[in-house]
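Q: After the structure tokens below, expect a handful of questions from me.
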Amino acid sequence: MARRSYPDVSQPAISSVPAISALSAECALSTISALPALRDLLLSVPAAATGRCATTASSASTSTSRPTAATAATAAGATATAATAATGATAATGATAAAPASTTANRDRHGGHRRCVEKPMSTLRPFLARLSTDPEELTQFIRDPRGTMQRLELDEAGQHALLAASASAMWDLLLNRSSREPVSVVESEILVKPAGGLVVVGTGIRTVGQFTIEAIAWIKAADTVLYLVADPVAEEVIRKLNPTNAMSLRGYYGEGVMRTQSYEAMIEHIMSCVRAGERTCVAFYGHPGVFAYPSHESIRRARAEGYAARMLPGVSAEDCLFADLGIDPAVSGCLTMEASDFLLHDRMIDTSMALVLWQVGVVGDWTYRREGYKLDALPMLVAKLTALYGGAHEAIIYEAATLPGLPPRILPIALIHISSVYINAGSTLYIPPLRAKSLNRAVANTLGVTGVTL
Ligand SMILES: C[S@@+](CC[C@H](N)C(=O)[O-])C[C@H]1O[C@@H](n2cnc3c(N)ncnc32)[C@H](O)[C@@H]1O
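Count the sequence shown with the numbering used here and you get residues 4 to 457, in order.
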């Protein structure tokens, strides 16, 4: 049976892939409370949202009870809406923010009226909202940050905060708080761009909808775009975004040639563009850093030679899998591994965790094959899985939809029945946990955790 030939850009079973650790809800909350700005955003209501006056925050009219996260989120949303409505979400946002501080009558706890002064809202919030939703403006911002800020009438404080990449100054403006520290005049590296440099982006698994605005903007802004994508829609999009400077790296694959050899040629091509001083953008399908060797290696080499290089995240096959199969890796934990790597190395596999095996459709074949891979090693993979889980354990062969409106392919199958008939180069194997995780009672007692299965 002919199998689809996906560009395979991962390092084949040589390096070990770290397991993704699950982030529990508690862990997420403690992370949030460790980030003051984010915590403030989630746990407090900005002055403008409550109608509270900055100058009279301690007055009797101000409730001292801490709002819930839900009310804060609603209020923050209301502020954003109000700010957007007030500014019309257009380029002329500066007009509102530049308006003089107004006075508002408020009723205090005793029913009397008092006057208070509202701080004018910075235009940073609508400016960033604009960049978040308009790839053309984000492209302009990448090309010319100062010009874009001025054209969209971002106020001076917002410009300083952005240019200095000052998180505290930006949060102060976004939350309409009094500034705590002066903004340094030293401009961040992010906005003062040397010539050339490398940005690696992902096109998502389903181009329609998963191509991020950030990826679109960088492709448009680049002097050279190189790409290795799996579907003609992604190729069409890239060529439309940057018609004169885009080129596919697919030609570096050779039938039956070791993939590592092709990757080396791709990396050298990428580096030649970076060395020539071109702002180089390289697009890989899915997330560009997930099971993708040339992307990481190009960034490593570019940095080693002193060029600015970074990777932007994209939507990976595993992201789609979690969504389509309704799996939260926080529940059981999740091991994620390349199939040949799993087969070749002796690892401690914890069967109380979910296991995601990538590249099952090319297991044991390190060459590139257009018409389907040799799967002589597949029975060995099945034998190893069967020994761990038992042949009757039901796994899922999964393929995310790459075109809009189509369902994903979700094929439940007992491990013992997995064969090359059912899988191809785009398949990922999901193996649910076999057993419940066991609680460490000593730790649970020390932490005072009782009556809960964690
Ligand atoms: C070289 S890796 C590239 C992964 C890609 N960078 C990503 O972010 O998903 C190729 C492997 O990704 C997985 N994959 C690619 N496309 C997929 C799809 N549509 N559905 C499920 N898995 C997919 C398969 O395991 C495939 O063998």
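Glycine is no exception: its CB is placed at the ideal position from the N, C-alpha and C atoms.
Note that the structure is predicted; figures quoted are calculated from it, not measured.
Quick check: does the Cβ of I208 come within less than 7 Å of any heavy atom belonging to ligand 1?
A: Counting from 1 along the sequence shown, the entry for residue 208 is found at position 205. Checking the Cβ of I208 against ligand 1 gives yes.
Q: Can you list, in chain order, the stretches of the beta strand (DSSP E) that have 3 or more residues and sit fully within the stretch 276-344?
A: DSSP runs (the beta strand (DSSP E)) wholly in the stretch 276-344: 283-287, 312-314 and 337-341.
Q: Tell me the residue span of the beta strand (DSSP E) that contains I413.
A: Walking along the sequence shown from the start, residue 413 turns up at place 410. R412 to A417 is the extent of the beta strand (DSSP E) around I413.
Q: With a 10 Å radius around its C-beta and 16 neighbouring C-beta atoms as the bar for buried, classify A50 as buried or exposed.
A: Position 47 of the sequence shown, counted from the start, is the residue given in the question as residue 50. Confidence at A50 is low in this model, with a pLDDT of 33, below 50, so its placement is unreliable and no value can be given for it.
Q: From this set, I145, D147, L155 and K122, which residue's C-alpha is nearest P129's C-alpha?
A: Translated into positions along the sequence shown, residue 129 becomes position 126. P129 has its Cα closest to that of L155, out of I145, D147, L155 and K122.
Q: Within its chain, find whatever has a CB closer than 7 Å to the CB of A164; leave out the 5 residues flanking it on each side and keep chain order.
A: By one-based count along the sequence shown, residue 164 stands at place 161. Same-chain partners within the cutoff: L127, A172, M173, L176 and V186.
Q: To the nearest angstrom, report how far apart T449 and L442 are at their CA atoms.
A: Counting from one through the sequence shown, the residue named residue 449 turns up at place 446. Counting from one through the sequence shown, the residue named residue 442 turns up at place 439. C-alpha separation (whole angstroms): 13 Å.
Q: Give a single yes or no on whether E402 has its beta carbon closer than 7 Å to a heavy atom of ligand 1.
A: As a first step, residue 402 must be located in the sequence shown, where it is residue number 399. Checking every heavy atom of ligand 1 against the Cβ of E402, one is found closer than 7 Å.
Q: Would you mind sorting C56 into buried or exposed? The rule is 16 or more other CB atoms within 10 Å of its CB.
A: Within the sequence shown, residue 56 is the residue found at index 53, counting from 1. Confidence is the limiting factor: at C56 the pLDDT is only 31, short of 50, which leaves the residue's position unreliable and the question unanswerable from this model.
Q: Can you give me the C-alpha to C-alpha distance between M314 and G292, rounded to a whole angstrom?
A: Within the sequence shown, residue 314 is the residue found at index 311, counting from 1. Within the sequence shown, residue 292 is the residue found at index 289, counting from 1. Near 7 Å, if we compare the C-alpha coordinates of G292 and M314.
Q: In terms of alpha-carbon separation, which member of P436, I208 and E139 lies closest to A320?
A: Sequence index remark: in the sequence shown, residue 320 carries index 317 (1-based). When each option's Cα is compared against that of A320, the closest is I208.
Q: Please return the same chain residues whose Cβ sits closer than 7 Å to the Cβ of A307, not counting the five positions on each side in sequence.
A: Position 304 of the sequence shown, counted from the first residue, corresponds to residue 307. Answer for A307: no residue qualifies.
Q: Between Q143 and ligand 1, is the CB less than 7 Å from at least one heavy atom?
A: Here residue 143 refers to the residue found at position 140 when the sequence shown is read from its first residue. Q143 Cβ: outside cutoff for every heavy atom of ligand 1.
Q: If you reduce the DSSP assignment to three classes, tell me which class L406 lands in.
A: What you label residue 406 is simply residue 403 of the sequence shown in a count that begins at 1. Reduced to three states, the DSSP call for L406 is coil.
Q: The alpha helix (DSSP H) with Y392 in it runs from where to where?
A: Walking along the sequence shown from the start, residue 392 turns up at place 389. L381 to Y392 is the span of the alpha helix (DSSP H), which, as asked, contains Y392.
Q: In angstroms with no decimal places, state the Cα-to-Cα distance between V2 and R438.
A: Since the displayed the chain opens at 4 and closes at 457, residue 2 lies outside it and no answer follows.
Q: Just the Cα atoms here: how many angstroms apart are C337 and F345?
A: Taking the first residue of the sequence shown as position 1, residue 337 is located at position 334. Taking the first residue of the sequence shown as position 1, residue 345 is located at position 342. Distance between the alpha carbons of C337 and F345: 14 Å.
Q: Can you tell me which of the three DSSP states S171 falls into?
A: Here residue 171 refers to the residue found at position 168 when the sequence shown is read from its first residue. Residue state, collapsed to three classes: helix.
Q: Going straight from the alpha carbon of I302 to that of K122, what length do you get?
A: Your numbering for residue 302 matches position 299 in the sequence shown. Your numbering for residue 122 matches position 119 in the sequence shown. In a straight line, the C-alpha of I302 is about 44 Å away from that of K122.
Q: Sorry if obvious, but does the Cβ on V232 come closer than 7 Å to a heavy atom of ligand 1?
A: Taking the sequence shown and counting its residues from 1, the one referred to as residue 232 is at position 229. False, no ligand heavy atom lies under 7 Å from that Cβ.
Q: Can you find a heavy atom of ligand 1 that lies under 7 Å from the Cβ of H290?
A: Mapped onto the sequence shown, residue 290 falls at position 287. Yes.
Q: Could you give the DSSP three-state label for I35: helix, strand or coil?
A: Position 32 of the sequence shown, counted from the first residue, corresponds to residue 35. Unreliable positioning characterises I35 in this predicted model, as indicated by a pLDDT of 34, which lies under 50. The coordinate reading is nonetheless provided below. Helix, per DSSP.
Q: Closest to D137 by CA distance: which of V203, T215, L409 and M124 is it?
A: As a working mapping, residue 137 is identified with position 134 in the sequence shown. Out of V203, T215, L409 and M124, T215 has the C-alpha closest to the C-alpha of D137.
Q: How about Y376 and V365: are their beta carbons less than 8 Å apart?
A: Walking along the sequence shown from the start, residue 376 turns up at place 373. Walking along the sequence shown from the start, residue 365 turns up at place 362. Going by C-beta atoms, Y376 is nearer than 8 Å to V365.
Q: Which partner residues of S251 appear in the DSSP bridge assignment?
A: What you label residue 251 is simply residue 248 of the sequence shown in a count that begins at 1. Y230, per the DSSP bridge assignment.
Q: Return the residue from the list L244, I330 and H299 that minimises the CA-CA distance to M269.
A: Taking the sequence shown and counting its residues from 1, one reaches residue 269 at position 266. Of the candidates L244, I330 and H299, the one whose C-alpha sits nearest the C-alpha of M269 is H299.
Q: Buried or exposed for R444, please, with buried defined as at least 16 other CB atoms from any protein chain shown within 10 angstroms of its CB.
A: Residue mapping note: residue 444 aligns to position 441 of the sequence shown, counting from 1. R444 should be labelled exposed.
Q: Beta-carbon of G429 versus every beta-carbon of chain C: anything under 8 Å?
A: Among the protein chains of the structure shown there is no chain C, as only one such chain exists.
Q: Secondary structure at A439, three-state DSSP: helix, strand or coil?
A: Within the sequence shown, numbered from 1, the residue matching residue 439 stands at position 436. Three-state result, A439: coil.
Q: Rounded to whole angstroms, how far is the Cβ of L432 from the Cβ of V363, which I believe are closer than 8 Å?
A: Taking the sequence shown and counting its residues from 1, one reaches residue 432 at position 429. Taking the sequence shown and counting its residues from 1, one reaches residue 363 at position 360. With a Cβ gap of about 5 Å, L432 and V363 count as contacting.
Q: Give the secondary structure of W221 by DSSP, where H, G and I count as helix, E and B as strand, and everything else as coil.
A: The count along the sequence shown starts at 1 and reaches residue 221 at position 218. It is helical.
Q: Could you pull the start and end residues of the beta strand (DSSP E) that V359 belongs to?
A: Here the question's residue 359 lines up with position 356 in the sequence shown. Its beta strand (DSSP E) spans residues A357 to W361.
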